[in-house]
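*Asks:* Input: one structure, supplied below.
Residue numbers (the numbering used here): 2 to 659.
Here it is, written out as structure tokens:
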């Protein structure tokens, strides 16, 4: 029984403050829920943003790559220039920049086995990554690279099929050309060669006959020339003799008999001449026949020669056709050699380009750790000072002093700011000397961001201190808030693991905003102009939290005044040192049941003094002594004495049943 009583007491202590109880039970549950939500996000909800640089001038295959990435669920953002894409990546608006090739690039390929370097022409896809995003850069390179390589292999497979089909077509054309060439050689060329051989034999025969005829004609010609010469000589001599004879005859006066003799001689001469002429004419005719025969043979030779020339032309045409076919075969063989010699492996080469020259992981994670330190130290220091001051015995003296509450707040903030600034200075000095983190290269922007961050989380500590009443509640609230901010940033889990709608909200997480803008200032040396939006947002947070602190400070002071009024009421004479309620007639009320009996016998005037108005002393006594706040609230709402008695009787009956 004692065990359950103690257990009941402990629960009452925990639940005494509603805000603390809410933080104790809801804070850890909320943290676990966020972790489970982050890890249970499906891959379809992961939203990586990919910037693509000027795809208008790239080839059609680039569109296939981009379409494949969109199908996989990536958000594609197009940029005209690479610098614009890199600038957006530095602002965490883009996770990866892709620069597709405009043309082929000659790269060196190293053969590890033979230790040789060879040049290869490939299309190089450039990846530009922010290596400061340690928890996401490897994942996005692997996933996007796998998608691009898969699409490239698919395109390579299609290209291989096209090459094989083209080779098959070329081989079929070669076989067809080879068959046609063989047919030309076996049929047409053989026939033309046979015909040419026959014509050559005919030409040889005609030429031999023509030579014989020409030889015979030459012999006849020689004989005719001899005969003509002999006839000419004889005729000349005969004419001379006749002339002499005619002179003699003329000198002599021959008789008729002599004339007859003369006529006989003349007749003989004429006959001899005629005979010789006839012989000559026969020789000439024979010569003409031989010449005609030779001429005929020559014509036959010419015709045969023309036929031979025609056959030769046909042979040349066949040879030309064969040469053309052989040229086609040579071209096809060259084409096949070119096709088989192509690199039908992956023709796309992926190159990784880092936008930050340094590869030191401590540089990339330092802004997150520094802001996390400021987050917990600032909230812890601010909330602790608020609780200490509120529980201090000097709080009432400070409250009634003529110094305004704003001056107290400003002085407290200055003290907290200087303490945290000193701690940050020690950390920065250590990392500058030992880790060589170059935060001084952009010191103006860095110090401005650090100042805004320290002020923001100190005022958040004040706000938590004014909202919660106990130190336990403040501690749990601070740890819960800090853990939620850390989990909902890029420190533990990348925000890309959340859906796009939630991711847009998480970008305004104060811890993530401060750490990201500090990283840009240290790692990327961003200027005030480049960070104007983030700095304005951070300043807006600071102003909002500052105004909330002023409001809750006023509420806290008002609550203190109200509680002070309650303490004054309880210090009136009708409250004994044992916290018993003493009525005017001397009746001592020790518990709630005796208060019920006292109310039944209490007069109207006495009840009006103790149980009506804002200072309901009966309700205040029950709240202060018995801590029954719900009962106190119901008594205050009761309008008459009978209603108060009814509320008390109902409470006592429920308590008896328990």
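Glycine included, every Cβ here is placed at the ideal spot set by N, Cα and C. Since we're looking at a predicted model, the values are computed, not measured.
Buried or exposed: where does residue 596 fall if 16 or more other Cβ atoms within 10 Å of its Cβ makes it buried?
*Replies:* It counts as buried.
*Asks:* Can we say the segment 437-454 touches the segment 474-484, given the rule of at least three CB pairs closer than 8 Å?
*Replies:* At 8 Å Cβ cutoff, the stretches do not touch.
*Asks:* Would you please verify whether the beta carbon of residue 372 is less than 8 Å from any beta carbon of chain C?
*Replies:* Absent here is chain C; the protein component of the structure consists of one chain.
*Asks:* State the Cα-Cα distance for the pair residue 535 and residue 391, rounded to the nearest angstrom.
*Replies:* Residue 535 and residue 391: Cα-Cα distance of roughly 35 Å.
*Asks:* Expressed to the nearest angstrom, what Euclidean distance is found between the alpha-carbon atoms of residue 101 and residue 549?
*Replies:* So the two alpha carbons sit approximately 51 Å from each other.
*Asks:* Thinking C-alpha only, which one of 90, 482, 50 and 87 is nearest residue 71?
*Replies:* Nearest of 90, 482, 50 and 87 to residue 71, Cα basis: 50.
*Asks:* Would residue 644 be called buried (16 or more neighbouring beta carbons within 10 Å of its own) or exposed?
*Replies:* With fewer than 16 other Cβ atoms within 10 Å, it is exposed.
*Asks:* How many whole angstroms separate the CB atoms of residue 513 and residue 507, which I take to be in contact at a CB cut-off of 8 Å?
*Replies:* With 8 Å as the limit, residue 513 and residue 507 qualify as a contact, their Cβ atoms being about 7 Å apart.
*Asks:* What residues in its chain sit with their C-beta under 7 Å from that of residue 89, if we drop five residues either side in the sequence?
*Replies:* If we look at residue 89 and ignore the five residues flanking it on each side, its Cβ neighbours are 52 and 95.
*Asks:* Excluding sequence positions up to five away, which residues of its chain have a Cβ less than 7 Å from the Cβ of residue 511?
*Replies:* So the qualifying residues of the chain are 457, 486 and 542.
*Asks:* Considering only C-alpha positions, which residue in the set 446, 483 and 368 is nearest to residue 428?
*Replies:* Among 446, 483 and 368, the Cα nearest to that of residue 428 is on 368.
*Asks:* Buried or exposed: residue 522, going by 16 or more other Cβ atoms within 10 Å of its Cβ?
*Replies:* It counts as buried.
*Asks:* Which residues does DSSP pair with residue 51 in a beta bridge?
*Replies:* 77 and 97, per the DSSP bridge assignment.
*Asks:* Determine the closest residue to residue 81 out of 55, 97 and 68, with distance taken between C-alpha atoms.
*Replies:* The residue with the shortest Cα to Cα distance from residue 81 is 55.
*Asks:* Please list the terminal residues of the continuous alpha helix (DSSP H) segment that includes residue 424.
*Replies:* Segment 406-431, the alpha helix (DSSP H) holding residue 424.
*Asks:* For residue 379 and residue 531, I'd like the C-alpha separation in whole angstroms.
*Replies:* Spanning the two alpha carbons is a distance of roughly 27 Å.
*Asks:* May I have a chain-ordered list of the alpha helix (DSSP H) segments no shorter than 4 residues that lie completely inside the segment 488-558?
*Replies:* Listed in chain order, they are 501-507 and 511-524.
*Asks:* Following the continuous alpha helix (DSSP H) through residue 462, name the residue where it begins and the one where it ends.
*Replies:* From DSSP, the alpha helix (DSSP H) with residue 462 extends over 444-468.
*Asks:* Tell me whether residue 475 sits in a helix, a strand or coil according to DSSP, three-state version.
*Replies:* DSSP places residue 475 in helix when its eight states are reduced to three.
*Asks:* Using CA coordinates, which residue listed in 99, 126 and 409 is at the minimum distance from residue 555?
*Replies:* Cα-wise, what sits closest to residue 555 is 409.
*Asks:* Would you list the one or two residues that DSSP bridges to residue 590?
*Replies:* Answer by DSSP bridge pairing, in chain order: 582.
*Asks:* By how many angstroms is the C-alpha of residue 551 removed from the C-alpha of residue 405?
*Replies:* For residue 405 and residue 551, the distance between alpha carbons rounds to 12 Å.
*Asks:* Start and end of the alpha helix (DSSP H) containing residue 611?
*Replies:* Its alpha helix (DSSP H) spans residues 605-611.
*Asks:* For the alpha helix (DSSP H) holding residue 652, just list the boundary residues, first then last.
*Replies:* Residue 652 -> alpha helix (DSSP H) spans 642-658.
*Asks:* Sort 373, 653, 129 and 388 by Cα distance to residue 465 and report the nearest one.
*Replies:* Closest option to residue 465, Cα to Cα, is 388.
*Asks:* Return helix, strand or coil for residue 113, following the three-state DSSP convention.
*Replies:* Note on residue 113: pLDDT 43, under 50, position unreliable in the model; no value is reported.
*Asks:* When you compare each of 467, 134 and 484 to residue 557 by their alpha carbons, which one comes out closest?
*Replies:* For the residues 467, 134 and 484, the minimum Cα distance to residue 557 belongs to 467.
*Asks:* Considering only C-alpha positions, which residue in the set 587, 447 and 382 is nearest to residue 421?
*Replies:* Closest option to residue 421, Cα to Cα, is 382.
*Asks:* If residue 446 sits next to residue 529, beta carbons under 8 Å apart, how far is it from one beta carbon to the other, in whole angstroms?
*Replies:* So it is a contact: roughly 6 Å between Cβ atoms.
*Asks:* Assuming residue 646 and residue 633 form a contact by the criterion Cβ under 8 Å, report the distance between their Cβ atoms to the nearest whole angstrom.
*Replies:* Actually they do not touch by this definition, with Cβ atoms about 15 Å apart.
*Asks:* May I have the straight-line CA-CA distance separating residue 590 from residue 582, to the nearest angstrom?
*Replies:* One C-alpha to the other measures close to 5 Å.
*Asks:* Could you have a look at residue 576 and say whether DSSP puts it in helix, strand or coil?
*Replies:* In this structure, residue 576 counts as strand in the three-state DSSP scheme.
*Asks:* Do you know whose CA, among 483, 586 and 386, lies nearest residue 717's CA?
*Replies:* Given that the chain is displayed from residue 2 to residue 659, the structure contains no residue 717 and the question cannot be resolved.
*Asks:* Use the C-beta contact count for residue 79: other C-beta atoms within 10 angstroms, 16 or more gives buried, fewer gives exposed.
*Replies:* Its Cβ having fewer than 16 others within 10 Å, residue 79 is exposed.
*Asks:* For residue 608, which residues from the same chain have a beta carbon less than 8 Å from its beta carbon, with the 5 sequence-adjacent residues on both sides left out?
*Replies:* Hits under 8 Å: 600 and 642.
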